[in-house]
Structure formats: structure tokens, C-alpha cells
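Numbered as in UniProt numbering, the sequence shown ends at 528 without a single skipped number. Even glycine gets a Cβ: it sits at the ideal position worked out from N, Cα and C. Source: prediction; values computed, not measured. Structure record follows, encoded as C-alpha cells.
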Amino acid sequence: MLLSLIKILAFVAAVAGLTWGAARLTDVTGGAEIAMAGYEVTLGPLQLVLAIALLALLGWLLFKALGLLLALLHFINGDDTAVSRWFSRSRERKGYKALGDGLVALAAGEGEAAMAKGRKAERYLRRPEITSILVAQGAELVGDRKTAEGAYRDLVKIDRTRFVGVRGLMRQRLAEGDTDTAMKLAQKAFELKPRHVETQDTLLRLQAEAHDWSGARATLEAKRRSGALPRNVVRRRDAVLALSEARDVIDETASIEMREKAIEANRLSPDLIPAAVMAARSYLAVGNTRYATRVIRKAWEAEPHPDLAQVFAEIAPEEDAQARLKRFSVLLKARPDHSETRMLEAELMIAAEQFNEARRALGDLVETDPTARVLTLMAAIERGRGADDAVVRGWLTRALTAPRGPQWVCENCHNVHPHWEPVCSNCHAFDTLGWTRPAESGTTLPRGTEMLPLIVGGGVGRAEAPVPAVAEVREAGATASPLPARDAAASMPRTNGDKEMDEAEIVVPQGDNTAARSEAEVVTEGRK
Ligand SMILES: [Zn+2]
């Protein structure tokens, strides 16, 4: 739009300039006299200028004619293609010039110019496999979907550029959100170029999103064959896919074959916690507690995780707290120094009402890694030991603003997920969820933190040593995440699940432990 406006303005300016120049020349007196072979011509200034222009044109034509004459001579001498070459050479030159200009325009980010040059080059060169790429790229640059699509369709028709065309169309469909067509195009592109890494990844992602797990495993296998992924990553991803395949069906009908898939996934990647959890549940479903125990123990040795402890508790749901403590010793011994193991031990001890042992199990976690879960456990321990209400509330207050500890976090977009998923629900990346600590956002409960000491009342100030001081509460709030961990709520019922822990259950907010809820609980407690 702007370009054509500039063109029109330039044309008007050129015409005006020429007219003005011509008018000036007619005003000028004098001229030139040319005497040649007895003829004498007198030229006015304007005629002189025109004559010079004509002469230049004649010279150029003569030069061209000479080239043609030379080609003709070659032709007469027996070079059959000399004349046609002379003509095509000049076309070619113009074509490649246009092509070159188009590439420069593309690199300069001038999409419109690139498209125009691409079309011009096509007129001279008749090489759509090159010029269509230029047009398509230029159209993509200015967001002209229709032109780009037309160019990609032209490219699909040519053998050499079929892949480029299919890929271009696929990316357009992906951008539009038409995943069904995009998947078909991705499959086509994959057939054309099975070793193309981007196509493999796109297809894998689309298949995982569409829950086409067996298709995704085939793509992964192709990826492994092309050597694009390290072996251990392939094994892990295959485990994720096998697991997803199993999980989809377990939801409906848990056939033996599907359970075996989960177990296979666990065999492929024993440190994949969801696989271990599902494998153990599969064994439990057929009453094989020995194998279920073994699966959990092996996974715990690789990576202690609350989900594993939960399934381990499900092995014997009816046992009392003492029996449970005894049975869990297998896990507690496996990784005794891991913070997850220490928190699990503390939880079990609280359930067994051995509060001093629970405090000992936590060790220095309160100082070194005071997550919401650790602080909530401390509140439960203090309540169990019969501490003052204010002390318990102090710990809970701190828990409210403490970091959440490890969660299922997407490595790609850092979204936090409540459960493990094969595909991130936010950025749709495949196999990116890891059990890590989410980046603390730095935002806090804006009013809440400042209000907390007031809500809790004078109790905090009056309390003894183990209670965090008001300043400390504020300090924790400065770096903590706005939401306390769901684990704080889930930690206790998860492993005890029994009735013998009345004391702790009063302290720990149950169910959906959002900030607002916890705050409300603190308020109610404060009013008692
Ligand atoms: Zn993500």
C-alpha cells in the first residue's frame, strides 16, 4: 500500500521534473551546429538533449545487435544453439537478478518486495521450484496466508520440493490449530523424509496429543533408528508412551495385557515414578503384594517420591500405625538421608503418636529446607507434644508462605501440574514433566503476609524459641510462593489414613488447601 503510494509519488515527481527541465531548456538561447558530410543541422537546446538520449539508445541497441550478430555468426559456423542461447541468456540474467533481489529483500524483511521479485523471476526463469519458495517465504513474512498456501501447493507438485511444500502446509495448519490435517501432513512429511528431526518431533507431539500412543511409539522408534536421540532418552520416552497407552485403557477396562504394558513401562525405565505407581497398582489388582512391594522399593531406591509412598500404603490399607511403620522400614532404609524419606518417616511417626521420634526424623530439614510440608509436619508434631496453640499456629503461619517443595513441573514452560501427565497441558510438549521445585514467583500474599501476625494475635510474640518470630514470618513471605503446597494438606492423610491421629488432624487443614482456606482456618483458630 505504502509502496505503491511512493511509486505514484515518484512517477509524478519525475514527470514534473522532466516538464520543468524541458521548459527551462526552451528558454535557453543558443544551441549546437552540426556539420557532417556537407549537411548542416542546427539544434536547439531541447533538441540537443533529445538527440543525446537518442544516441545513447542507439549505442545500446548497436551493442545488443552486435551480440546477436556474433551469435548469428556462431550459428552459421555450425553452433546450432547460439541464437537461442543469446536470447535465453538475457532472460536468465534478468531472472537471476530478480531472484537475487528477492533474496536480498527477504533477508531485509521486505516480504512484499520478495514476493514481487519472486513472481518476476518466475516469468523469466520458469523455475517454480525456486521462485515459489521465494514467494512463499515473502508471503509468510507479511502474513499473507493465501499466497503462501498457493506457493506451497505449487511446491508439492514438484518432486524435488514436495517435502518443502508439505512442511509449509503443515506449519500453516498447526498455526491455525487444525491438528487433524496437520497430523496427516506430518505423516506425509515423515514418509518423505523419515530422518528429518523437526518432522519427527512435530509428529510425535501431535500423536501424543491425540493419544495415538502406538503411532507415537513407531515414530519414536524411527527417531531412535536415525540416531537423533540418546539411548536413555529413547528408553524413557518409550516408557512414557507405553505407560500412557496402558493408562488410557486402565481407566476403562484393566485387562491383563494392559497391566502388562504398565509393568513393561516400569521395566523399561524403573525410575519413572508414574510407571512404578501404575505397575504396583497392577500387581495389587491381581493380589500380588510381593511384586508390588518390590516395584515400589526399587523405584524408591532410584527416587523417593510421595506417590510411591501412597501406593505402598495401599498394599495393606487396614493395618494399624505400628504395623505400617514396621512395613515401611523397607523404604525408610533404602534412602535414609533423602528429604522425602525423612518427611515420610516423620509422617509415620506422627501417625503412631511418637512425636519426639517424628521430630528427630525431620532432623535439620526445618532449617535447611523449610517447605510448606515440613512446616506443617512441625505444627503437627508440636500439637502432638501438647505445645501451646500459639506455637502450632506459628508453624502453620510460616507454612502458609513457605516454598512448595518439588512438584510436577514442565521443563519447557514451568507450568505446575497436580499429577504426572505425558503431555504438558499448557505447552503441549511431550515428556517434559519432571519432579522438581517450581521457580518461586516472588509474589506473595499481598495483604495476607502483613496481616498474618495480627490474625494470629499476640500469641506469636509470646511464644517460646521454636516459634518463628514475626520478622521471620515476613522474611519467609518475601521469597515464598503465594500458594502453600498441596502436599501440606495431603501429607498426613496420605500415609496414615486412620483415625488414631485426632490431634494432628485438627491442626492440618484438610482437603483443598488453598491459601484462602488456610488463612480462614488460622482466623477461626485465632478466635477460639
Ligand atoms: Zn509445558
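query, result
"Nearest residue (CA-CA) to L25, options P403, A37, V49 and I6", "V49"
"T415: CB within 7 Å of a non-hydrogen atom of ligand 1", "The amino acid occupying residue 415 in the given sequence is Asn; Thr does not appear at that position. Because some heavy atom of ligand 1 lies under 7 Å away, the Cβ of N415 counts as near it: yes."
"Cβ-based burial, H419 [other Cβ within 10 Å; buried from 16]", "exposed"
"Sub-8 Å separation of E112 and L3 beta-carbons", "yes"
"Whole-angstrom distance between R398 and M492, CA atom to CA atom", "With a pLDDT of only 40 at M492, under the threshold of 50, the placement of this residue in the model should not be trusted; the figure read from the coordinates follows. Straight-line Cα distance between these residues: approximately 18 Å."
"Where L272 falls: helix, strand or coil (DSSP)", "coil"
"Start and end residues, beta strand (DSSP E) containing G434", "L433 to T436"
"Cβ pair L141, K117 closer than 8 Å", "no"
"Cβ shell of S132 (< 6 Å), same chain only, five flanking positions each side left out", "A151, D154 and L155"
"Inter-residue Cα distance where the pair is R437 and E122", "56 Å"
"CB contact flag (V83, L72, <8 Å)", "yes"
"Bounding residues of the alpha helix (DSSP H) (the contiguous stretch that carries L3)", "L2 to D27"
"Classification of E347 by the beta-carbon crowding that lies within 10 angstroms, buried from 16 upward", "buried"
"C-alpha gap between A53 and A16, whole angstroms", "19 Å"
"Own chain partners of A316 with C-beta closer than 6 Å, once the 5 adjacent residues on each side are dropped", "none"
"Through-space distance from Y291 to A210, alpha-carbon basis", "33 Å"
"Segments of 4+ residues assigned as alpha helix (DSSP H) that fall wholly inside the stretch 326-366", "339-351 and 355-362"
"Contacts around R494, its chain only, beta-carbon distance under 6 Å, and the 5 residues preceding and following it disregarded", "For R494, the pLDDT reaches just 38, beneath the cut-off of 50, and the residue's location in the model is therefore unreliable, leaving the point undetermined."
"Which of helix, strand or coil DSSP assigns to A32", "strand"
"For T42: DSSP bridge partner residues", "E33"
"Exposure label - S269; buried when at least 16 CB within 10 Å", "buried"
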